[in-house]
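J.:
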Amino acid sequence: MDLHKFSEDALPDKIWEIADTTMWLHTGTHDSNTRNIIEQCLVHVIALGVTCSRKQPRERTLIQDAVNEMHAIRDSYLKFARPLVVEHGAGTILQ
């Protein structure tokens, strides 16, 4: 099994089985809303990676579309994460 197939098979229900949870802020929290938002962002990032790495070039997401989607995912995450950073203080690593 290659990385593409491994990632594709994990979407969307097994995303936490392939993600390194130490890379994601707030994963230690018991707030289900926080976990859901992070999970949705992660699903979108992995799904985009899968569509960008299809074997047939014609089936791949165009680079400009991928950039736009990554910006949208980032903006969605930051809209959620910024208030938490302000609440806990700048420079704080949130758990």
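If you're matching positions, the sequence shown starts at 98 in the working numbering and goes up one per residue. Don't be surprised by glycine CBs; every beta carbon is placed ideally from N, CA and C.
(1) Between the alpha carbons of Val140 and Pro154, how many angstroms are there, rounded?
(2) Which of the three DSSP states, helix, strand or coil, is assigned to Thr148?
(3) With burial defined as no fewer than 16 other Cβ atoms inside 10 Å of the residue's Cβ, what is the status of Val164: buried or exposed?
(4) For Phe158, which residues of its own chain have a beta-carbon under 7 Å away from its beta-carbon, when the five flanking residues on both sides are left out?
(5) In the DSSP assignment, find the alpha helix (DSSP H) that holds Glu105 and state where it starts and stops.
T.: By the coordinates alone:
(1) 22 Å
(2) helix
(3) exposed
(4) The sequence shown places Thr at residue 158, rather than the Phe named in the question. Beyond the five residues adjoining it in sequence on each side, Thr158 comes within less than 7 Å, by CB distance, of Leu145, Thr148 and Cys149 in the same chain, given in chain order.
(5) Leu100 to Ala107
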